[in-house]
Amino acid sequence: MRVNVTVNGEHRQADNVWEGESLLYVLRERLGLPGSKNACEQGECGSCTVYLDGVPACACLVAAGQTEGREVVTVEGLASGDDLDPVQESFVEQGAVQCGFCTPGLLVAAHDLIERVPDPSDVEIREALAGNLCRCTGYEKILDAVRDAAAKKAVR
Amino acid sequence: MSAPARSPQELHDTIAGGIGESPLRPDGTLKVRGEFAYSSDLWHEDMLWGATLRSPHPHARIVRLDVSRALAQPGVHAVLTHEDVPGENVYGLKYQDTPALAADLVRYQGEPIAILAADHPEIARQALKEIVVEYDVLEPITDPERAAHDDTLKKLHPGGNVVRHQRIVKGDPAATADVVVSGVYEIGMQDQAFLGPESGLAVPAEDGGVDLYLATQWLHVDQCQTAKALGLPLEKVRLTLSGVGGAFGGREDLSMQIHSCMLALRTGRPVKMSYNRLESFFGHVHRHPAKMYYEHGATRDGKLVYVRAKLYFDGGAYASKTPVVVGNGTTLSVGPYDVPNAHIEGWGVYTNNPTCGAMRGLGAVQPTYAYESQMDKLASALDMDPAELRIRNALSEGSTVVTGQVVDFPAPVAELVQRLRDLPLPPEPTGERDIRELPGGASNTTHGEGVVRGVGYGVTIKNISYAEGLDDYSTARVRLEVLGGEAVAMVHTAAAEVGQGLVTLQQQIARTELGLTRVSVHPADTSVGDAGSSSASRQTYVTGGAVRNACRAVAEAVYARLGVPSEGMSLVGGKVVAADGEVVADLAELLGETAIEETREFHHRPTYPLDPETGQGDAHVQYGFSAHRAVVDVDLDLGLVKVVQLDCAQDVGKAMNPDAVVAQIQGGSAQGLGLAVMEEILVEDGKVRNPSFTDYLIPTILDMPPMRVDVLERPDPHAPYGVRGVGEPPTISATPAIANAIRAATGLELPRVPIRPEHITGV
């Protein structure tokens, strides 16, 4: 089947999509956007979190056909050109990135949290990011990064 | 054939900072933009997808294997079995005992039987179902203690079921003491649970060889094993490290390396293999479960008199790192304590359980949980503060460990415990509490009623680097040249960046040694000498030492070109500077169009094998020490645990990148927390019951408490820059600290981790 979807503001078309293919597979293997990660492909780890019509979703759990005519924003769409989003900047600056495999999903989830709750408390950050597994950092520096990003966004 | 369209990148990001500073990762921006090429992102326009058929049985004889129907499927390009392995159908890290593809016997559930390549991953998955395998199912051996001692059991391998037996005898093994405590402790099978799946892309080459891009911990050892199975000379099997999504020991053994190369060579096309999470649980080795019998004897004033222990490590179907686990487990079995008398025996055995191998804290995690449980039991028997007991017995510089080796470097064990004890405890809860911070969290199981608090300590000793006489070394190539009018350095090693920050560290060392700002890191590959494995907390020490040596050789070459004696000269800010501070030359002018390139190795000082009878010998090059104090809240009614605070003190010798050191300690502690309260691969009759992130639980951000990290720097005079390996110790000491805190809260024995709700409630 053919799927038409807006990805990071651009109209994209994928041909010969098999009916069982996930949005994650189409993004990674057909549209050349490997940023969303394939860590569990079961909706458990959050590494493939993308915005689907503005709402965070695990791209591995969305059938590609369901995205027809809809709007997807991936980690590749968070920066504007060379300018990183404050969430991306803070993750680098605060040492929240180690192996980095969980990072794309965490960035989308953290970006969404700060959009909804501009000044989140620690317990709100923990609750919002509890669906994103990280095996390297122990999360402390991820908390630092989200606090820092919220502060940055508040002054911009 | 061309390189993959998405492939490993050189890291040019210039972020100033030398040794002792905390520059940011050169790969950080690529990673937050989603542009960093991990092994599962590799892509070639002409590529096929590989897939693996695995045994559903833990133990079986293969009586028929027919791939003809699978091969006939449209879109399938090759289906291969053990008959198609071009070279030797056997590999292994310590012993060569593992078939690349099972021939006649299956020894664990998930053992690879056949592989195939197809146009689409779904075609590949469907085609696997068309492969016909008839099994004669056999009774599995699953009890490691029986496997070690019961000679009536069948032998899983020609040499019997004991992979390694090691005895350690120090002082009087039959010593007696006033106060004696004993216990039997068990530890479940933990998984590395790295997030990036096993994956790689094999590209056939015109010379009949193959280029493999992959995630691994040790390129050269993969190259050796893969070439042998492919029947190719080493130089025809070239490996390049792609982005690695975590490792923690789980990438030390081969997974898809031989398989993807076999398929690429057979089809003449690039073949990508990428495991899904289910397959990942079967496709890599796990941490050894263990059963440990311990007896401690002490004087009434709390001085250890003896330790006696028997340790059983379940190695599963193949040897992997079991010999090393037995070596580490026994030599570290009494912990960071002065013990005059000891009698220790350790066994690593074959069973039909999943194969166990390397995981962070290799061989030290299991005994530390046991002896630290014993230390609390002993403190209780002596009516002594558990921290005080540890301080009273702490080993220090000059102590003799259980193998007779003298600790000839700082060992601030007592200080670590003292510093933790002096940290303020979190305030006792009062009034109404946010349920999200209570055991059970948002599931609203309690509002604080039935919740009790406990505090516990855990302290560990871990050997750094490879041991027992192995010549453990690394190689680095450093090139100095002028680009854009500026002197720049390129560092090239085969050392695997698995997330720990080695790429940053390589830049820091080169900047410091060569007095430059611009340093880039070449992708790690096998076109440069061996760097050994990114494991055993060894890369900063060994590859750091190699980069230092190569940089110093480059500096020597600069002075030689100038014709000045190197004595007193240094490179600072792109200039050659004399002892009196006078600028002798500008580096960029001196180099001009030419480059200077030097390759050097670093070997750490030798270690020696253990005496087979007494276990005496200078087996280890260095030890790392860490200590944790955990505070937990336990819901006694439901058995739910919330770790409230987890603090760590660790000696790192020299904090080469202080922020990265703290991050390693936090991440390691999280894995230790996981083992304490949730992480276990459940194996029943040799079969894995929970191979998914739905059922194998790792800590989330809600499970990790706030951490205070206290980093000590007591330089090791034998190590480059005084460094001490950092990565493993925090994983080891976190687990017993949490277990001891839960015991303190509940008064229960709790002789097994992970501690589950039913262990606390008794239901």
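If you read the protein sequences in the order shown, they are chains A and B. Each number in this note's numbering comes from the position in the first sequence (counting from 1) with 786 added on. Each number in this note's numbering comes from the position in the second sequence (counting from 1) with 6 added on. C-beta: ideal position from N, C-alpha, C; glycine also. A quick note: this is a predicted structure, and the numbers were derived from the prediction, not measured.
Worksheet entry | Reduced DSSP category for P430 of chain B - H, G, I as helix; E, B as strand; rest coil | coil
Fill in: Selected residue, minimal CA-CA separation from T510 of chain B, among B:L520, B:V525 and B:E519
Looking at the Cα atoms, B:V525 is the closest of the given residues.
Worksheet entry | S188 of chain B - partner residues in DSSP beta bridges | B:E301
Practice prompt. Go through its chain and collect everything with a Cβ distance to G491 of chain B's Cβ below 7 Å, but skip five positions before and after it.
Written response: A594
Discussion item. I need the DSSP call for I147 of chain B, collapsed to helix, strand or coil.
Written reply: coil
Fill in: C-alpha gap between S611 of chain B and Q622 of chain B, whole angstroms
Reading off the sequence, residue 611 of chain B comes out as Arg, not Ser. Going by the C-alpha atoms only, they are around 18 Å apart.
Worksheet item: Which one of B:D391, B:Y299 and B:G116 has the shortest CA to CA distance from E151 of chain B?
Response: B:Y299
Worksheet entry | Opposing strand residues paired with H349 of chain B [DSSP bridges] | B:V175 and B:R314
Worksheet item: So what does M496 of chain B bridge to, in DSSP terms?
Response: B:R485 and B:S526
Worksheet item: Using the beta-carbon of each residue, which ones in chain A are nearer than 8 Å to F42 of chain B?
Response: Correct list: G886.
Worksheet item: How would you write the range of the alpha helix (DSSP H) that I121 of chain B sits in, first residue to last?
Response: It is not in any alpha helix (DSSP H) - I121 of chain B instead sits in the beta strand (DSSP E) that spans P118 to A124.
Worksheet item: Below 8 Å, can you find three or more Cβ-Cβ pairs linking the region 386 to 403 of chain B to the region 463 to 475 of chain B?
Response: Counting C-beta pairs with one atom in each stretch, the region 386 to 403 of chain B and the region 463 to 475 of chain B have three or more that are closer than 8 Å, which means they touch.
Worksheet item: Does any residue of chain A bring its CB to less than 8 Å from the CB of F699 of chain B?
Response: It does; some Cβ of chain A falls within 8 Å.
Fill in: Nearest neighbour of T752 of chain B, chosen from B:G456, B:F608 and B:A585 [CA to CA]
B:G456
Worksheet item: Are I350 of chain B and V408 of chain B close, meaning C-beta to C-beta below 8 Å?
Response: yes
Worksheet item: When you compare only the Cα positions, how much space is there between A895 of chain A and A845 of chain A?
Response: 13 Å
Worksheet item: Which residues in the same chain have their Cβ closer than 6 Å to the Cβ of A337 of chain B, if we skip the five residues on either side of it in sequence?
Response: Correcting the residue type first, residue 337 of chain B is Thr in the shown sequence and not Ala. For T337 of chain B, where only same-chain residues beyond five positions count, the Cβ hits under 6 Å are T409 and A625.
Worksheet entry | In DSSP terms, what H634 of chain B is bridged to | B:G464 and B:C654
Practice prompt. Closer than 8 Å by beta-carbon distance: list the chain B residues that pair up with K938 of chain A, in chain order.
Written response: Near K938 of chain A there are no residues of chain B at all, since even the closest Cβ is about 14 Å away, more than 8 Å.
Fill in: Which of helix, strand or coil DSSP assigns to K693 of chain B
strand
Worksheet item: Is there a Cβ from chain A that is less than 8 Å from the Cβ of H126 of chain B?
Response: yes
Fill in: E880 of chain A classed as buried or exposed, judged by whether at least 16 other C-beta atoms fall within 10 angstroms
According to the sequence shown, residue 880 of chain A is Gln rather than Glu. The residue in question, Q880 of chain A, is buried, as its Cβ has 16 or more Cβ neighbours within 10 Å.
Worksheet item: What residues in its chain sit with their C-beta under 8 Å from that of L59 of chain B, if we drop five residues either side in the sequence?
Response: P118, I119, A120, I121, L122, L134, I137 and V139
Worksheet item: DSSP on K37 of chain B, reduced to helix/strand/coil?
Response: Helix at K37 of chain B.
Fill in: Buried or exposed by the 16-neighbour rule on C-beta atoms within 10 Å, applied to V548 of chain B
buried
Fill in: Closest Cα partner of S540 of chain B within the set B:T357, B:A601, B:M365 and B:G308
B:M365
Practice prompt. Determine which residues of the region 687 to 719 of chain B have a Cβ less than 9 Å from any Cβ of chain A, and write them out in chain order.
Written response: S698, F699, T700, I704, P705, T706, I707, L708, D709, M710, P712, M713 and V715
Fill in: Closer than 8 Å to chain A by CB, A387 of chain B
no
Worksheet item: Does the distance from the CB of A745 of chain B to the CB of A682 of chain B come in under 8 Å?
Response: Here A745 of chain B is near A682 of chain B, since their CB atoms are less than 8 Å apart.
Discussion item. Mapping the DSSP letters down to three states, classify F42 of chain B as helix, strand or coil.
Written reply: coil
Item to complete: Identify, in the order they occur along the chain, each residue of the same chain with its Cβ nearer than 6 Å to the Cβ of P958 of chain A, setting aside the five sequence neighbours on each side.
Response: Because chain A here runs from 787 to 942, residue 958 of chain A falls outside it and cannot be looked at.
Worksheet item: Rounded to a whole number of angstroms, what is the C-alpha to C-alpha distance between G165 of chain B and A325 of chain B?
Response: 12 Å
Fill in: Contact list for L30 of chain B against chain A, beta-carbon separation under 7 Å
V878 and E879
Fill in: Range covered by the alpha helix (DSSP H) that runs through Q514 of chain B
L508 to L520 is the extent of the alpha helix (DSSP H) around Q514 of chain B.
Discussion item. Considering just the uninterrupted stretch of the alpha helix (DSSP H) at N794 of chain A, what are its terminal residues?
Written reply: Run containing N794 of chain A: none; DSSP gives neither H nor E here.
Practice prompt. Taking H290 of chain B and Q372 of chain B to be in contact with their CB atoms under 8 Å, please state how far apart those CB atoms are, rounded to whole angstroms.
Written response: Contact flag wrong, Cβ pair sits at about 19 Å.
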